[in-house]
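First comes the structure, then the notes that go with it.
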Amino acid sequence: MPNAGAGLDSAGASVDHPGSFGRGRGHGARQSARPRGAARARPAASRLPDHRHEVPMSSTIVRTRIAPSPTGDPHVGTAYQALFNYAFAKGRGGRFILRIEDTDQARSTQASELAILESLRWLGIQWDEGPDIGGPHAPYRQSERLAVYREQVERLLAGGHAYRCFCTRERLEAMRRRQGAESGYDRACRDMPVAEAERRAAAGETHVVRMKIPLEGDCGFRDLLRGEIRKDWASVDDQVLLKSDGFPTYHLAVVTDDHLMGVTHVIRGEEWINSVPKHVKLYEHLGWDLPVFCHLPLLRNNDKNRTKLSKRKNPTSIGYYRRAGFLPEALLNFLGMMGWLMPDGEEKFSVADMVAHLELERISLGGPIFDLDKLKWLNGRYIREDLSAEALLERLAEWGLGRERLVRIVPLVQPRLETLSDWGYLTAPFFADAVPLDPTLLRIPGRTDEELRGILQMVLWRLGALSEFTAPRLDALLRETAEALELKLRQLLQPLFIVLSGREAWTPLFDSLEILGPDIARMRLRRAIAALGGLSGKQLQALEEEYARRFGPRE
RNA sequence: GGGGCCAUCGUCUAGGGGUUAGGACAGGUGGUUCUCAGCCAUCAAACCGGGGUUCGAAUCCCCGUGGCCCUGCCA
C-alpha cells in the first residue's frame, strides 16, 4: 500500500482531498486509488452510486470528450475512446463533447474531419457539443482557437514558466544525433536573458515557446485505474508549447481546452500517461484544477508482440468495418468488451446497457487484442438474434444493396450481361469483403514476385494519399503510377483486376474501384500482398525510399 | 539507452488470501439437420519466473523476465 496522499505533488492533491486517498471509513474514498485489490475488494454495498470523489467539485456535472486529430481515416481506436467517454458521461447524466485537434497544419485535412464525424454518427455515438453543432464553449476546432492558446502562452511567459527558444531544426537534429536517444532538448535557450529573447522575438525572429520543467524532484498524479503514478522531472523534456507557426502543440491545447470546456474526466489512451506530468504542471501554472485522469489500455494487433493496433497489420478504419458488413451496434459492443464486461458477465450488451452499468474502475488493464474472429461471431449474433428477415432486408439495403448504389453498378455490367442471371456472378465482388484469390495468377511478365509485391504496396500507398476516391482521379493516379514505375498501364491494371475482383476480368476498373470504395479496395490489396508472401520491414523501408524517389514523400 | 505502464487458457475475460481457477471466441469430438450455417452436448486449453509475508499466495510485497508505450515545432 503506497503512502498515498502524503508524497503527492501539490497540484496532484487538488484532484481530491487527501481523505479520498486511503480507503478510509465506510464509503466514498477507495475507488480512485487502486493499488491492487484496494478498489476491487471494496464491499459490494458501496459499489453503487458513490462517485463524488471522481469529480473535482461535487456540484460539477460530468463532462467528457473525444478529441480526434483529423489526420487520416477514422480509426477504431477513436471509436473505442469515444464509446467509453460517451457511456461514462451519459451514465452520470453528464455531457459528451467532440473536439477536433487540428493543430498539425501539415497533416490535418477537412476530408478527414468530415469522415471522422460521419463515422461516429454511423456508430450512433452522439455528442452534445461539437464543431458541427456548436455549444457553450465554441469553437470546438482547435485551429479556430489560436488566440486562446496564445493568451495562455503569454501568461506562462510572464510567470517565468515558459521561455522562447530560437534553436533551429538543424541544430536540434544535430543535437539529437550527438546525444543519441538520450533525453530531449538540451535547454540551450532556457537561460537566455528575457530581455534578449523579447528583443529577438520582437525583431521577428522565428522561435517556439517551451515549457520550463523543474530540474529536480518528481511529480505525482493519480490515474483512476492505476492509483498514484510518479515520475522524475529529470525524465521530462522542456516540451514545446507553441510552434513557430503560431499553433499550439497537443500539450498546451489539450490542457487549455479541457479546462475551458469544463472537462471533468480525461479518459484517453494509455499512450498519454508519460505526458501527464507536463499537463499537471501546466494546470498548476495556469491556476486551474486538475480533471480526473483515466488512461484506457491500448488496442493491440494480433501479432506476436501485441503491438499497438496499426493499419499495417489490421484493418483500423471504421469505414472498413462498415463496408465489410459489420453492424454498428456489434462493433460498439465488441469495443466495449475490450477491457470491460457487464457486471453479470454477459458479453452481448448495448450502448444503453453500458451507459447504465459502466464503472471505469472495473476496466482491466492488459492491452486487449482486437480479435476479428470474435467480432465476427458477435456480429453474427446480432444479425440472427436481433433482426427479423424484414429488418435484415432493410439493413442490407442501407449497407450496399440500396437502389442508389445499384444504379451506379448497372451501367457497368449492362454491356457484359448476356442474360439477367449473369448479374450475380458479375457483381459479386461489389458485395463481398474478401474475394477468392489465386496468387499464382498474380504476376507481371518480366517482373519478379518481389517486385510485384512492391508495386502493389506502392499502389496501396498512392491510393491512401488520394483525397477523392473517384473514377477520374483514380484514372489519373493509376496512369501516373504506371508511368512512374515504368509499366504499361495494362501491365499495372491486369494484376489489379485480380487483386480487386479475384478474376482476370471484371467491370471497368476505375469506376468499379470508385464504387467499391477505398476501405475495401485497400484491404484487398493488403490481403494480396500477404498472399504473395508479404513484405519484410527491410523491404518496406527500401520501398519507402523508392516511393519517395518516384512520387515524393509520403504523408 | 532512459523513463512510465502492464502481465489468468492461442484470444476476450471472471475471480483479488482457502475455488475441482468459471464463462465466451477460436479448435477437437458427438447430436440435431437434405448440405452448410445455426443450435445443443462434450473434450482439450491458463494463473510469466524466483524469493518473501502467511497455517495457507493466482491473489499482498520485493526482485527478475517479457511485452507495450513515450522519449518530435505528431497527436
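FYI, the numbering for the first sequence is -10 to 544, going by this note's numbering. Beta carbons: idealized from backbone N, C-alpha and C, even for Gly.
Suppose you measure from the CA of N294 to the CA of A127; what does that come to, to the nearest Å? 42 Å
Which residues in the same chain as Y272 place their Cβ atom closer than 8 Å to its Cβ, once the five residues preceding and following it in sequence are excluded? A0, V244, H248, D278 and L279
Please classify T157: is it buried, with 16 or more other beta-carbons within 10 angstroms of its beta-carbon, or exposed? exposed
To the nearest angstrom, report how far apart Q94 and A242 are at their CA atoms. 14 Å
Straight-line Cα distance separating R462 from R160: 41 Å
Answer with buried or exposed for Y310, where buried requires no fewer than 16 other C-beta atoms within 10 angstroms of its C-beta. buried
How big is the Cα-Cα spacing for R436 and R442? 10 Å
DSSP state of G123 mapped onto helix, strand, coil: strand
Taking G86 as part of the beta strand (DSSP E), name the residues at either end of that continuous run. First, the amino acid is wrong: residue 86 is Ile here, not Gly. Where I86 is concerned, the enclosing beta strand (DSSP E) stretches over R84 to L87.
When DSSP builds the beta bridges, which residues end up paired with S306? H64
Classify D212: buried if its beta carbon has 16 or more other beta carbons within 10 angstroms, exposed otherwise. buried
Anyone know if the C-beta pair for R130 and G83 falls short of 9 Å? no
Which residues mark the beginning and the end of the beta strand (DSSP E) in which E217 is found? G216 to D221
At which residues does the alpha helix (DSSP H) containing G369 begin and terminate? L361 to D375
Name, in chain order, the residues that DSSP records as bridge partners for A151. M200
Anyone know if the C-beta pair for H196 and A184 falls short of 9 Å? no
Answer yes or no: do L426 and P507 have a C-beta to C-beta separation smaller than 9 Å? no
Consult DSSP for I352 and reduce its assignment to one of helix, strand or coil. coil
On the CB-based measure, 16 or more other CB atoms within 10 Å of its CB, does R538 come out buried or exposed? exposed
Using a Cβ-Cβ cut-off of 7 Å (strictly less than) and excluding sequence neighbours within five positions of G61, which residues of its own chain qualify? S101
Using a 10 Å radius around the Cβ and a threshold of 16 neighbouring Cβ atoms, would you call K527 buried or exposed? exposed
Residues in the same chain with beta-carbon distance under 7 Å from D221, minus the five sequence neighbours each way, listed in chain order, please. D207
Looking at the structure shown, is F499 part of a helix, part of a strand, or coil, going by DSSP? helix
Just mark K79 as buried or exposed, buried being the case when its beta carbon has 16 or more other beta carbons within 10 Å. buried
Give me, in chain order, the residues of the same chain whose beta-carbon lies closer than 7 Å to that of P63; leave out the 5 immediate sequence neighbours on both sides. A104, I105, S108, S306, I307 and G308
I'd like to check one pair, E133 with I86: are the Cβ atoms closer than 9 Å? no
With a floor of 4 residues, list each alpha helix (DSSP H) that falls wholly inside the region 410 to 482, ordered by position along the chain. 411 to 416, 438 to 453 and 460 to 473
For N368 and M327, I'd like the C-alpha separation in whole angstroms. 15 Å
Does the beta-carbon of S97 have 16 or more other beta-carbons within 10 angstroms, so that it is buried, or is it exposed? buried
If the criterion is Cβ atoms closer than 9 Å, does the pair M343 and A68 meet it? no
Rounded to whole angstroms, what's the CA-CA distance from S233 to P332? Just pull it up for me. 50 Å
May I ask which residues mark the beginning and end of the beta strand (DSSP E) holding L285? V281 to L285
Determine, using beta-carbon pairs with one atom in the region 400 to 410 and one in the region 485 to 492, whether at least three such pairs fall under 8 Å. no
Quick one: Cα of F155 to Cα of P59, how far? 29 Å
Can you tell me which of the three DSSP states K270 falls into? helix
Could you check where the alpha helix (DSSP H) with V526 kicks off and where it finishes? Val is not the amino acid found at residue 526; the sequence shown has Gly there. It spans G526 to F540 - the alpha helix (DSSP H) in which G526 sits, taken as one unbroken run.
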